[in-house]
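For the record, the sequence lines run as chains Z and P. For the first sequence, the residue numbers in our numbering are 642 to 992. For the second sequence, the residue numbers in our numbering are 100 to 386.
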Amino acid sequence: MTRLTAMLAATTVLVSAFALSAQAAEVHVLNWKGYGADEPWAVEAFEKATGHKVVNDFFNSEQEMLTKLRTNPGLYDVVMINAAFTGQALAENLIQPIDTSKIANYADISPEKATSPMLNKDGKVFGVPWVWGLTAIAINEKSFETPPTSISVMWDEARKGRVVIRDDAVEAIQFGAIASGQNINDIKDMEAVKAKLTSLMPQIRTFWSSENDWNQMVASNQIDVGTYWSGSADRAKTQFKLPVSLVVPDEGAVAWLDAFSIPAGSKNVEGAEAFINYMVDPTFYVEWVTKVGAPVSANVKAVAALPEDSFNRKMMGDPKVAERIQFQAPITDAQREQYLAIWQELKVNVK
Amino acid sequence: MATPTAGRRGIGPALPLLLPAYLWLTMAIFLPLSAMAFFSFMTDLPLSGKAWSLTVQNYAAFFSSGLYLTLLLSSLRLGLEVTLWCAVIGFPAAYVLAKVLKGRAREAIFLLVILPFWSNGLVRIFSWVMVLREGGILDTALNAVLPFRISIDLMYSYPAVIIGLVHSYVPYMVLTCYLTLQAIDDSLIEAARSLGATRLQTLRRVIVPLAMPGLIAGAVLIFVPVVGSFMEPRILGGRTGTFYGTVIEDQFVAVFNWPLGAALSFILLAVVLLILAAASPVLRRAA
């Protein structure tokens, strides 16, 4: 009887010791769902290589991500933030400086991305650039003999009722700015943007909100063209074998930069550094692109490791494309509210 | 003298029976609702870590532009239309269930009416997506039968929203009407007929007035949730699917402006209560 009790006690101690050690080595990651960090093969490879266990959590909008950081201090070790929002997270003391000497792959990140003023403050690094991509337009290859080159295809009478746009105020307004030939970060003529979007409304079939919406509508051949993200278009083609291809219109496209940060109060900074290093590593990136489809890595060596004719290397590396794209700058709360009011009004007046 | 004592004695032992229900109601309805009422007067959520203060700005926002009023009116119209269609479809079905069918057949048909309740709402909506779209089940089936070609594409339109909502809510109308219709004494209908009333007259003068409480109860059960509905318009409505409910959802989910979302919800609640209050003389007479 005593022996049994002793054994039981020993087991309990052992189990709790395991539980404790497991807990100590957990890396809590906050990111979009289906966006690289939660790929099972990647998580497995990272865990095998470093011994840290990855726990993924997700958000559906930048506002939700910020709220999760605010309400759960100390829970997350790594957070993926669109660089346009890094400043806001920093201003609210939600993230901490990163010791880049602990992240071996940081040296290979393209210098103009690494030194972006959105990610650096007072000589300290608050975000490690991960990938960048475009919000451009994508087409259903079945509906076009030759791919269009101009954004005006969205307004083409022949495409009426077969056009989609994302249900997102900021994206819609910036898209309108590009269509009316303006700087997305300094919209001077908001009336022109409104007029452009108002004339687009009758063309629209529906507003999409997730990658899955977009892909399903193409799969059932319900749409011809719509705004889409470059990484998602690549995934639609690679992973889901859909007839989707991305067009960077002559008028330009919105570019964004996604970066990793370490939340203030992280309990496993060492694990966070290891995870970020793995995420920007060429090995992970090449596998991600080949197996799933992804945006363009900020790591120069990772992009160079792709086949020469790959979309992310050829098209996105094209200097002519680089000239046309405009990187998103941070948006103030007042601007966001103004955009939302305009967008809601447009959606209501469509009826 | 004996009665009050009995009454007092009655409530004592009843307390343990009442307590769980009232505790639950307090916790599940009163607390969250009062928290929401409080949020609706705040400038920002305390969770956001920013400073906040009390304001009526969120309610003022409703009146500051015609936007929310237009949306509210279109949602009220949607509610009325869906309720009307539910009555048109549900009442005859309830009549057949209560008065025509007997025994096994009634049970079987009844089961079919309740069946949709057993499936998840989202699943039902997505099955409509498959039916309504161009090249979908309805389109293919009709073209297989008809000698000429027609193209049915109801997806992402106002009719699609109505179809989806009517489908979700018609069982309420059938059930409430069934209960009142079943209670009508058959001999009343026979008496009307034997006194020379036509079928239509019997329906208008005897059956509908007697079944009115069921119709009204069904209408209220349907109208209130439909005015605030957001899932069906969003999925089935496409670009025409912006309603009061979807805008409230946006405030909570997309832009994290809970105070405005809460204020908009309370305005909706007030409007619905006003409509019910205005209609209450009619409702009371009918009941």
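Ideal placement from N, C-alpha and C gives every residue a C-beta, glycine not left out.
Taking Z:E964 as reference, the option from Z:K694, Z:I903, Z:L775, Z:D718 with the minimal CA-CA separation is Z:L775. P:Y268 sits in a helix when the DSSP states are folded into three classes. Among the residues facing chain P, Z:Q704 is included, as its CB has a counterpart in that chain under 7 Å away.
At a cut-off of 7 Å between C-beta atoms, Z:I864 does not count as an interface residue with respect to chain P.
Per DSSP, Z:I819 is one residue of the alpha helix (DSSP H) stretching across 810 to 820. P:R338 sits close to Z:V991, with the two beta carbons spaced by under 7 Å. With a threshold of 7 Å between beta carbons, P:T301 makes no contact with chain Z. Separation of the CB atoms of P:L314 and P:F190 is rounded to 7 Å, and the pair is thereby assigned contact status at 8 Å. Against chain P, the beta carbon of Z:R846 has neighbours under 9 Å at M254, Y255, G337, R338, listed in chain order.
The beta carbons of Z:N909 and Z:E667 sit about 7 Å from each other, so the pair counts as a contact at 8 Å. Z:N697 sits in a strand when the DSSP states are folded into three classes.
Taking 7 Å as the cut-off, the Cβ atoms of P:Y343 and P:S174 count as close.
Among the bridge pairs identified by DSSP, P:G336 is matched with none. Contact annotation, Z:T691 with Z:A915: C-beta distance approximately 5 Å; criterion of less than 8 Å satisfied. Residue environment analysis places Z:D808 among the buried positions, since at least 16 neighbouring C-beta atoms fall within 10 angstroms of its C-beta. Annotation: the continuous beta strand (DSSP E) that includes Z:R807 extends over 804 to 807. Taking 7 Å as the cut-off, the Cβ atoms of Z:T727 and Z:L760 count as close. A contact is defined here as three or more CB-CB pairs under 8 Å, and the stretch 894 to 911 of chain Z fails this definition with respect to the stretch 797 to 804 of chain Z. In the three-state DSSP reduction, Z:D899 falls in the strand class (E or B). The DSSP-derived three-state label of Z:E667 is strand.
If the five residues before and after Z:L981 are omitted, its C-beta is found closer than 6 Å to the C-beta atoms of A810, all from its own chain and listed in chain order. Distances from the CA of P:W184 to each of P:V325, P:L382, P:A113, P:S226 were compared; the closest alpha carbon is that of P:V325. For the stretch 229 to 254 of chain P, the residues whose beta carbon sits under 7 Å from a beta carbon of chain Z are, in order, R232, E233, G234. About 6 Å separates the beta carbons of Z:I739 and Z:V769, which is inside the 8 Å limit, making them a contact pair. Z:T776 is bridged by DSSP to Z:W870, Z:V895. Secondary-structure assignment with DSSP links Z:N862 through no beta bridge to anything. Under the 8 Å Cβ criterion, the stretch 709 to 719 of chain Z counts as touching the stretch 671 to 679 of chain Z, having at least three qualifying pairs. Contacts with chain P at 7 Å (Cβ-Cβ) do not include Z:V921. In the DSSP assignment, Z:I917 falls within the alpha helix (DSSP H) that extends over 910 to 920.
Between the stretch 355 to 372 of chain P and the stretch 328 to 337 of chain P, the count of C-beta pairs closer than 8 Å stays below three; the two stretches do not touch. Note on Z:K754: 16 or more other CB atoms within 10 angstroms of its CB, so buried under the neighbour-count rule.
Within 7 Å of the CB of Z:Q985, the CB atoms of chain P belong to L166, V346, in sequence order along the chain.
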